[in-house]
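Just below is one structure, and these are the notes that go with it.
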Amino acid sequence: MPMHQRRMAVLFLIILGLAIPLGRQNVYAASGPPSLAVLPFVPATHDAKNLAQRMRFAVAKKLSRDGHYKRIDDHDVNMMIDALQMPWTPPVTTADIQTVIKSLATDQTVAGFVKGRRLTLELFIGTKLAKTVSATIPPNNTSPRLTVEHMLTDLCHVQFHHVRSWQIDPSAALKKLFEARPNLVKDPDFSQAGKSGFRAVNWDVFLMKQDYHPPVLTKQAARALAANHAAIVPQTVVSPRDKGYCLMLRTDLGIAQSNGLACESTWIPVVQGDRYRFIVQYHSNAPRIRIFINGFAYSPDQFSNANNLTSQRREIYRCQVLPVTKNTGWSQTGIDFTPESIKAMRKKFPIRWVRIDFYSYLNAGDAFFRDVQLKDITPR
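Structure, rendered in structure tokens:
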């Protein structure tokens, strides 16, 4: 490890040690969902490295989706391993894993090992190995997701709900309601940001520790945009005949196959139990695109900041559109959904807001989005 990285890692360990003493019981245990860390998956060979990274990311995302866990950020987990000066290459032993768990003080931890296309997951409760499951990851685009979900259901008893890539009720009455109802998305065509020439304040870009409003760029600046950034750009970047603005996500292969790049809308108030329709136009020159609609309840705890409403919200609902792939021009996708908490939490934690989450991953390149629509189509 280079000296400057080692110094930063040691500093991180010192700072984290002040906040969470080694071996201390995690404070989340008494105040909310258990804390969870997903450790870097260990590839048996160099050829399995990319698959190990992808599977770790898939497991981490799926265990973050419904509020059952307070997941430790993957970047923080990696920094802790660096601070402990652990190489994290085969062989990684149970004792190595337990050392990291003691330092993170997590309630639960998932470790993973990849040999060829064989994935093994280990669940630790505290520092005790509680369960192990294994499966072979198929090479196609859909079955890997299903395989991972089946493994997590067996390992952690979590359930997954699936939707089709286009799940719109063809009813003429609902279509008429959709056309008549107001769009709940702020700056859905990015025109406000374009006219301001500054930033899209109603959208947030996320990449590891980065969090910013996408800037507005000219066509020339958009072509020169650095990898792993997002921006609001003229639609002429996609086609010379297009007018207006769109959201652009640009990723390189490293980020596309690890963290991916995401951009989320601001908080959109909704009514739990109402029916909503989401539609968007997208274009990808290579990346795979996944779109989520994340639902939040008001659930402050002892870690919330009274002056920061974001810290008082808790994600407990997620609707997802299955991935879409590279296309030659603008295409449209959408879904009808009803935001609700699970039955046991419905009265105490009703869904009050949603955020639209555009996510680009797997392949390097550019993904674009325009004409974002979210409307309440509940008959009155």
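The numbering of the sequence shown is my numbering, which starts it at 343 and goes up by one.
The beta carbon of each residue, even a glycine, is placed where N, CA and C say it ideally should be.
Every value quoted in this text rests on a predicted model; they were computed, and no experiment measured them.
Original post:
Applying the criterion that 16 or more other CB atoms from any shown protein chain within 10 Å of the CB defines a buried residue, is Lys404 buried or exposed?
Top reply: Lys404 comes out buried.
**OP:** Compute the beta-carbon to beta-carbon distance between Gln599 and Arg712, rounded to the nearest angstrom, for a pair I have assumed lies under 8 angstroms.
**Re:** Actually they are not in contact, since the Cβ atoms of Gln599 and Arg712 sit about 26 angstroms apart, beyond 8 angstroms.
**OP:** Please decide whether Ile574 counts as near chain D, where near means a Cβ-Cβ distance under 7 angstroms.
**Re:** Of the protein chains in this structure there is only one, and it is not chain D.
Original post:
CB-CB under 8 angstroms to Tyr587, same chain, minus the five flanking residues each way: which ones, in chain order?
Top reply: Correct list, in chain order: Asp531, Phe532, Ser533, Ala535, Gly536, Val558, Ile574, Val575, Pro576, Gln577 and Arg712.
Original post:
Leu471 bridges to which residues according to DSSP?
Top reply: According to DSSP, which records beta bridges pairwise, Leu471 is partnered with Phe466.
**OP:** May I ask you to report which of helix, strand or coil DSSP gives Ala437?
**Re:** Three-state result, Ala437: helix.
Subject >> heavy atom of the ligand SAM below 6 angstroms from Ser513 C-beta >> reply: Among the ligands in the structure shown, none appear at all, so the ligand SAM cannot be discussed.
Original post:
Which value, in whole angstroms, describes the spacing of the CA atoms of Ala400 and Ala394?
Top reply: 10 angstroms
Original post:
Could you check where the beta strand (DSSP E) with Lys717 kicks off and where it finishes?
Top reply: Gly707 to Asp718
**OP:** Spatial neighbours of Gln562 within its chain, please: CB distance less than 8 angstroms, with the 5 preceding and 5 following residues excluded, ordered by chain position.
**Re:** Result list for Gln562: empty, nothing under 8 angstroms.
Original post:
Does the count of Cβ pairs from the region 489 to 503 and the region 448 to 467 closer than 8 angstroms reach three?
Top reply: yes
Subject >> Given 8 angstroms, three or more beta-carbon pairs between the region 542 to 558 and the region 674 to 681 >> reply: Fewer than three beta-carbon pairs drawn from the region 542 to 558 and the region 674 to 681 are found closer than 8 angstroms, and the two stretches are therefore not classed as touching.
Original post:
What are the boundary residues of the beta strand (DSSP E) that Arg656 is part of?
Top reply: Arg655 to Val666
Original post:
Which residues bound the beta strand (DSSP E) around Gly637?
Top reply: Boundaries of the beta strand (DSSP E) harbouring Gly637: Arg630 to Tyr640, taken from the DSSP string.
**OP:** Report buried or exposed for His492, applying the criterion of at least 16 other Cβ atoms within 10 angstroms of its Cβ.
**Re:** exposed
Original post:
For Ala572 versus Pro556, is the C-beta distance shorter than 7 angstroms?
Top reply: Yes, Cβ-Cβ distance for Ala572 and Pro556 is below 7 angstroms.
Subject >> Met550, enclosing beta strand (DSSP E) - first and last residue >> reply: Segment: none, Met550 is in no beta strand (DSSP E) and carries neither H nor E.
**OP:** Decide if Phe540 is buried, meaning its Cβ has at least 16 other Cβ atoms within 10 Å, or exposed.
**Re:** exposed
Original post:
Is it right to say Tyr618 is buried, meaning 16 or more other beta carbons lie within 10 angstroms of its own, or is it exposed?
Top reply: buried
**OP:** Determine the DSSP secondary structure at Thr478, reduced to helix, strand or coil.
**Re:** strand
Subject >> Reduced DSSP category for Pro721 - H, G, I as helix; E, B as strand; rest coil >> reply: In the structure shown, Pro721 adopts coil according to DSSP, grouped into three states.
Subject >> Leu364, DSSP secondary structure in three states >> reply: Low confidence applies here, because Leu364 scores a pLDDT of 32, under 50, leaving its location unreliable and the question unanswered by this model.
**OP:** Count the other CB atoms, across all protein chains shown, that sit within 10 Å of the CB of Gly454; report buried if there are 16 or more and exposed otherwise.
**Re:** With 16 or more other Cβ atoms within 10 Å, it is buried.
Subject >> Length of the line joining the Cα atoms of Ala522 and Ala604 >> reply: Computed Cα separation, rounded: 30 angstroms.
Original post:
Would DSSP call Ser626 helix, strand or coil?
Top reply: strand
**OP:** Tell me where the beta strand (DSSP E) around Lys685 begins and ends.
**Re:** Lys685 -> no beta strand (DSSP E), and no H or E assigned at all.
Subject >> N-terminal and C-terminal residue of the beta strand (DSSP E) that Ser377 is part of >> reply: Ser377 to Val380
Original post:
Of all the options Ser641, Phe466, Pro480 and Leu378, which has the alpha carbon lying nearest to the alpha carbon of Gly458?
Top reply: Pro480
Original post:
Do you know offhand how far Phe700's Cα is from Phe466's?
Top reply: 32 angstroms
Original post:
Using DSSP with H/G/I as helix, E/B as strand and the rest coil, what is Phe399?
Top reply: Collapsing the DSSP output to three states places Phe399 in a helix.
**OP:** Tell whether a beta-carbon distance below 7 angstroms holds between Leu516 and Ile658.
**Re:** Result no, Cβ atoms of Leu516 and Ile658 do not sit closer than 7 angstroms.
Original post:
Cβ of Val442 within 7 angstroms of Cβ of Ile423?
Top reply: In this structure, the beta-carbon distance from Val442 to Ile423 falls below 7 angstroms.
**OP:** Would you kindly check if the distance between the Cβ of Val696 and the Cβ of Ile635 is under 7 angstroms?
**Re:** yes
Original post:
Can you name the start and end residues of the alpha helix (DSSP H) that Asp678 belongs to?
Top reply: No alpha helix (DSSP H) holds Asp678; the beta strand (DSSP E) holding it covers Ser673 to Phe679.
Subject >> For Ser607 and Val547, believed in contact at Cβ under 8 angstroms, the rounded distance >> reply: 12 angstroms between Cβ atoms; not a contact.
Original post:
Are the beta-carbon atoms belonging to Ala639 and Arg660 less than 7 angstroms from one another?
Top reply: Contact: no.
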